[in-house]
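First the structure, in the form of structure tokens, and then the observations on it.
In my numbering, the protein residues as written are 1 to 201.
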């Protein structure tokens with residue numbers, strides 16, 4: 001089995017993004033090949049890059065990771081919605097308001113990865129994790145919904161999901177916000193990957 005794991009470039013005047021940094025800490029798991037990629041925090045460019053990687057890598061599974069400042073645990077997303085409504089501009093200055101991601105798409109898609117088992121595995125390892133019912137309406141949700149729609153239309157054999165991760169401690173200077181160490185984030189993601197390996201054998 002081949003797993004594509006994606007993170008994002010830094011955004012909103014940050015110099016780091018934990019979803020990008022964690023890609024460097026993932027380790028191989030027997031029975032599942034891990035390929036990583038970094039996406040731009042840009043509305044449609046993120047999905048363009050995702051499809052390029054799908055065609056290049058030909059994955060069986062896709063796990064996307066994104067930063068959610070203010071959250072205090074790993075948030076395994078249940079659903080992506082067909083709405084772009086950006087609180088702040090993306091990295092290219094786009095700031096859509098109540099716009100659809102896919103004009104011909106349904107209102108929402110459920111993630112197709114085993115989100116409960118992934119959440120339970122991380123929690124059992126001592127990494128705080130919950131199932132989240134909102135991926136927001138920014139580029140993270142854009143990628144979750146857009147990737148699910150893309151796979152529904154073109155790559156129905158690929159299963160997809162998304163995990164939001166907290167700020168790193170270094171990002172919280174001067175902010176009243178929770179954080180999680182990069183090692184703990186990586187450990188939680190690795191637990192989720194082990195579940196995907198076990199579910200795929």
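Quick reminder that beta carbons are idealized off the backbone N, C-alpha and C, glycines included. Note that this is a predicted model, so its numbers are computed, not measured.
The beta-carbon distance between residue 158 and residue 61, rounded to whole angstroms, is 7 angstroms. This is short enough to meet the 8 angstroms contact definition. Looking at the backbone, the Cα of residue 55 and that of residue 145 are separated by about 18 angstroms. Cα atoms of residue 79 and residue 103: separation of roughly 18 angstroms, rounded to the nearest angstrom. DSSP places residue 190 within a helical segment (H, G or I) once states are collapsed to three. DSSP places residue 149 outside any beta strand (DSSP E); the residue lies instead in the alpha helix (DSSP H), whose first and last residues are 139–153.
In its chain, beyond the 5 residues on either side, 22, 26, 65 and 163 have a beta carbon closer than 7 angstroms to the beta carbon of residue 189. Per DSSP, the unbroken beta strand (DSSP E) holding residue 132 starts and ends at 129–132. Ranking 128, 183 and 111 by CA distance to the CA of residue 151 puts 111 first. Residue 181 counts as exposed, since fewer than 16 other beta carbons sit within 10 angstroms of its beta carbon. Rounded to the nearest angstrom, the Cβ distance from residue 2 to residue 33 is 5 angstroms, consistent with a contact under 8 angstroms. Taking C-beta separations shorter than 8 angstroms and ignoring five residues to either side along the sequence, the partners of residue 96 in its chain run 43, 84, 85 and 86, following chain order. Contact check for residue 15 against residue 165 fails: the beta carbons are separated by 7 angstroms or more. Beta-bridge partners assigned by DSSP to residue 164: 66 and 75.
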